[in-house]
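Counting from 1, position 69 in the sequence shown corresponds to residue 488 in this note's numbering; the numbering is continuous, with no gaps. To keep things clear, I will list the structure first and then write my remarks on it.
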Amino acid sequence: MATHSLVLDLALTVRHDGHGGVADDLSGPEGLTTWVREHAAALDADTTLDTHGSAAEPFAAGGFTADGFAVGAFTADAFTADAEALAAVRALRAAVRALFARAVRPDPPSPADAQRLLPAGMALELLNSAAAAVPTVPRLEWPEGRDPYAVHRGTGTPDAVTALCAALARAAVDFLAGPDRARLRACHAPRCVRYFLKEHPRQEWCRPSCGNRARVARHQRRHQLHAEP
420 MATHSLVLDL ALTVRHDGHG GVADDLSGPE GLTTWVREHA AALDADTTLD THGSAAEPFA
480 AGGFTADGFA VGAFTADAFT ADAEALAAVR ALRAAVRALF ARAVRPDPPS PADAQRLLPA
540 GMALELLNSA AAAVPTVPRL EWPEGRDPYA VHRGTGTPDA VTALCAALAR AAVDFLAGPD
600 RARLRACHAP RCVRYFLKEH PRQEWCRPSC GNRARVARHQ RRHQLHAEP
């Protein structure tokens with residue numbers, strides 16, 4: 420899973436509930452446990468990635484995130500969240516969504532939290548602190564018959580919550596500092612609260628169903644205007 424998918428999926432745990440409101444997939448520790456285990460392949464794959472994105476040999480110990488950073492003994496598919504983990508990940512998600520709101524400017528942010536966004540400086544500090552909680556050191560790998568590549572190994576053995584937040588924060592840093600950030604949009608179809616990556620110049624909504632709702636809403640507004648005396 421690409422890092423942009425991981426960080427987008429974290430942001431999208433805030434979603435439309437199907438009844439005009441907003442649902443939170445991380446409303447309790449059980450929800451976080453499920454989410455982390457569903458994203459285990461991205462969070463602790465048993466291989467790391469070189470700087471060109473191809474599979475590299477794993478280190479002798481430790482799990483690895485999909486962006487090539489070892490994160491100690493964290494194993495996502497065996498992770499069980501508690502209140503501490505939930506609070507930490509929700510705080511990180513709030514930082515991500517605040518920075519997503521900044522990224523889509525001058526367009527408006529997702530309406531789900533537009534009125535309660537963290538200040539950008541606070542969001543940056545929270546994100547960078549989480550990423551820095553697992554320091555990394557570069558290591559050169561050069562297998563016979565292949566080009567050399569760099570991998571970055573986490574130092575020490577952080578606890579599971581620290582390792583999880585570091586992996587998520589690094590994914591967010593990579594995405595927000597990368598070229599895909601320019602494609603990020605907030606969907607403004609009726610009732611939608613999603614962020615998405617724009618795939619083509621004419622794309623306005625995250626999904627076809629949102630486009631259908633937006634067109635219906637426009638038609639209804641035009642009909643109401645014409646019906647007014």
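Idealized CB from N, CA, C, for every residue including glycine.
Look at the alpha carbon of L543 and the alpha carbon of V441, and state the distance between them as a whole number of angstroms. Indexing the sequence shown from 1 puts residue 543 at position 124. Indexing the sequence shown from 1 puts residue 441 at position 22. Straight-line Cα distance between these residues: approximately 25 Å.
Just the C-alpha distance for G439 and W454, rounded to the nearest angstrom, thanks. As a first step, residue 439 must be located in the sequence shown, where it is residue number 20. As a first step, residue 454 must be located in the sequence shown, where it is residue number 35. Using only the alpha carbons, I get a separation of about 23 Å.
With three or more C-beta pairs closer than 8 Å as the rule, is the stretch 495–505 touching the stretch 517–537? no
For the beta strand (DSSP E) containing G573, name the first residue and the last one. Numbered from its first residue, the sequence shown carries residue 573 at position 154. Segment Y568 to G573, the beta strand (DSSP E) holding G573.
Identify the residues that DSSP records as bridge partners of D443: which are they? Sequence index remark: in the sequence shown, residue 443 carries index 24 (1-based). Answer is V433, bridged to D443.
In whole angstroms, what separates the C-alpha of T470 from that of H571? Along the sequence shown, one-based indexing puts residue 470 at 51. Along the sequence shown, one-based indexing puts residue 571 at 152. Confidence in T470 is poor, its pLDDT being 36 and thus under 50, which makes the residue's placement unreliable; the coordinate value appears in the next sentence. Each residue's alpha carbon lies about 10 Å from the other.
Where do the N-terminal and C-terminal ends of the beta strand (DSSP E) with R558 fall, by residue? Looking up residue 558 in the sequence shown gives position 139. Its beta strand (DSSP E) spans residues T555 to E560.
Please classify G573 as buried or exposed, where buried requires at least 16 neighbouring CB atoms within 10 angstroms. Translated into the one-based positions of the sequence shown, residue 573 becomes position 154. Label assigned to G573: buried.
Residues near V580 in its chain [Cβ-Cβ closer than 7 Å; skip 5 each side]: Taking the sequence shown and counting its residues from 1, the one referred to as residue 580 is at position 161. E503, A504 and A507, listed in sequence order.
Do you know whose CA, among E457, N547 and D578, lies nearest D593's CA? Walking along the sequence shown from the start, residue 593 turns up at place 174. Looking at the Cα atoms, N547 is the closest of the given residues.
Contact belief for Y614 with R604 at Cβ below 8 Å, rounded distance in angstroms: Position 195 of the sequence shown, counting from 1, holds the residue named residue 614. Position 185 of the sequence shown, counting from 1, holds the residue named residue 604. Their Cβ separation, rounded to whole angstroms, is 7 Å, which keeps Y614 and R604 in contact under 8 Å.
Would you mind stating whether R509 and L445 have Cβ atoms separated by less than 7 Å? Locating residue 509 in the sequence shown gives position 90, where the first residue counts as 1. Locating residue 445 in the sequence shown gives position 26, where the first residue counts as 1. Closer than 7 Å, so yes.
Please state whether the Cβ-Cβ distance between R521 and A539 is less than 7 Å. Here residue 521 refers to the residue found at position 102 of the sequence shown. Here residue 539 refers to the residue found at position 120 of the sequence shown. Going by C-beta atoms, R521 is nearer than 7 Å to A539.
Please tell me whether P557 and A569 are closer than 7 Å, where the distance is taken between their beta carbons. Taking the first residue of the sequence shown as 1, we reach residue 557 at position 138. Taking the first residue of the sequence shown as 1, we reach residue 569 at position 150. Taking 7 Å as the Cβ cut-off, P557 and A569 qualify as a contacting pair.
Should A460 be labelled buried (16 or more other beta-carbon atoms within 10 Å of its own) or exposed? The count along the sequence shown starts at 1 and reaches residue 460 at position 41. Exposed, by the Cβ-count rule.
DSSP beta-bridge partners of F615: Residue numbering aside, residue 615 sits at position 196 when the sequence shown is read from its first letter. DSSP output for F615 lists R604 as bridge partner(s).
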